[in-house]
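Trainee:
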Amino acid sequence: SAVISQKPSRDICQRGTSLTIQCQVDSQVTMMFWYRQQPGQSLTLIATANQGSEATYESGFVIDKFPISRPNLTFSTLTVSNMSPEDSSIYLCSSRGGDYSYNEQFFGPGTRLTVL
Amino acid sequence: GQQLNQSPQSMFIQEGEDVSMNCTSSSIFNTWLWYKQDPGEGPVLLIALYKAGELTSNGRLTAQFGITRKDSFLNISASIPSDVGIYFCAPPGATNKLIFGTGTLLAVQP
Numbered sequence: 043s044a045v046i047s048q049k050p051s052r053d054i055c056q057r058g059t060s061l062t063i064q065c066q067v068d069s070q071v072t073m074m075f076w077y078r079q080q081p082g083q084s085l086t087l088i089a090t091a092n093q094g095s096e097a098t099y100e101s102g103f104v105i106d107k108f109p110i111s112r113p114n115l116t117f118s119t120l121t122v123s124n125m126s127p128e129d130s131s132i133y134l135c136s137s138r139g140g141d142y143s144y145n146e147q148f149f150g151p152g153t154r155l156t157v158l
Numbered sequence: 009g010q011q012l013n014q015s016p017q018s019m020f021i022q023e024g025e026d027v028s029m030n031c032t033s034s035s036i037f038n039t040w041l042w043y044k045q046d047p048g049e050g051p052v053l054l055i056a057l058y059k060a061g062e063l064t065s066n067g068r069l070t071a072q073f074g075i076t077r078k079d080s081f082l083n084i085s086a087s088i089p090s091d092v093g094i095y096f097c098a099p100p101g102a103t104n105k106l107i108f109g110t111g112t113l114l115a116v117q118p
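Structural data, given as structure tokens:
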């Protein structure tokens with residue numbers, strides 16, 4: 043399976059600040075995604091990170107709040123902007139394709155964010 | 009939107025017992041993926057199913073792609089303490105993006 047790392051693994055942030063989460067995949071992949079998992083909940087897709095173009099956001103998520111970059115086929119960042127306590131969640135990076143079956147999708151370990 | 013209901017919501021069993029869980033939907037899917045999420049970790053892909061009626065095993069895990077294509081089942085035989093976690097079904101939807109089920113929390117008593 044693809045090996046995905048995320049930095050930071052966890053952080054505690056103050057209200058109104060922003061945090062950028064990095065995601066690195068060990069091989070070139072076709073697609074990269076960002077998910078949010080609120081406490082005790084399932085995973086919700088935030089956006090698809092597109093290489094060389096703007097990310098595609100799901101309903102309820104906007105670029106101003108969650109800017110995303112994907113400068114190449116192995117790396118992406120998600121920024122959580124102007125944070126509030128409601129943004130406290132686990133943020134997960136995911137990839138599909140490349141050296142692996144397009145039907146199989148892999149996940150990073152997640153970034154646990156707490157906003158005070 | 010599409011909804012995936014997993015049952016049971018949680019299970020508390022003794023080590024050595026067999027486990028069965030399922031995922032049902034009102035929509036038809038062409039692929040079913042099953043994931044396990046350990047506490048503090050990201051989901052790990054367990055089994056992928058590509059054909060209606062397909063039965064696939066991965067060690068003590070066996071998953072089936074329902075014949076109606078609206079459901080899938082996961083069985084764990086002879087459970088052990090490290091089976092603890094949350095199990096998610098996650099078929100790709102019409103736009104090929106994964107749709108995650110509500111999850112089944114499994115606790116195993118040694």
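Which chain is which? The protein sequence lines are W and D, in order.
Throughout the first sequence, residue numbering follows the numbering used here, covering 43 to 158 in sequence.
Throughout the second sequence, residue numbering follows the numbering used here, covering 9 to 118 in sequence.
We put the beta carbon where it would ideally sit given N, CA and C, even for glycine.
All values reported here derive from a predicted model rather than from experimental measurement.
Are the CB atoms of residue 112(D) and residue 14(D) nearer to each other than 8 Å?
Mentor: Closer than 8 Å, so yes.
Trainee: Taking the beta strand (DSSP E) that residue 149(W) falls in, what are its first and last residues?
Mentor: Here the beta strand (DSSP E) through residue 149(W) covers 147 to 149.
Trainee: Report the CB separation of residue 20(D) from residue 117(D) in whole angstroms; it is logged as a contact under 8 Å.
Mentor: Yes, residue 20(D) and residue 117(D) are in contact; Cβ-Cβ is about 7 Å, under 8 Å.
Trainee: Pull up the distance between the alpha-carbon of residue 86(D) and that of residue 96(W), whole angstroms please.
Mentor: Distance between the alpha carbons of residue 86(D) and residue 96(W): 47 Å.
Trainee: Would you mind giving the Cβ-Cβ distance between residue 131(W) and residue 119(W), rounded to the nearest angstrom? I have them listed as a contact below 8 Å.
Mentor: 17 Å between Cβ atoms; not a contact.
Trainee: With DSSP collapsed to three states, give me the class of residue 6(D).
Mentor: This structure leaves residue 6(D) out entirely; chain D is present only between 9 and 118.
Trainee: Which chain W residues are close to residue 96(D), counting only those with a beta carbon under 7 Å from its beta carbon?
Mentor: Correct list: 84.
Trainee: So if I threshold CB-CB distances at 9 Å, which residues from the segment 145 to 158 of chain W count as touching chain D?
Mentor: Listed in sequence order: 145, 146, 147, 148, 149, 150, 151, 152, 154.
Trainee: Three-state secondary structure (DSSP) at residue 28(D)?
Mentor: Correct three-state label for residue 28(D): strand.
Trainee: Answer yes or no: does any C-beta atom of chain D fall closer than 8 Å to that of residue 134(W)?
Mentor: Yes - at least one Cβ of chain D is within 8 Å of the one on residue 134(W).
Trainee: Cutting at 6 Å between CB atoms, please list the residues of its own chain near residue 149(W), excluding the five before and the five after it.
Mentor: Excluding positions up to five away in sequence, the list reads 134, 136.
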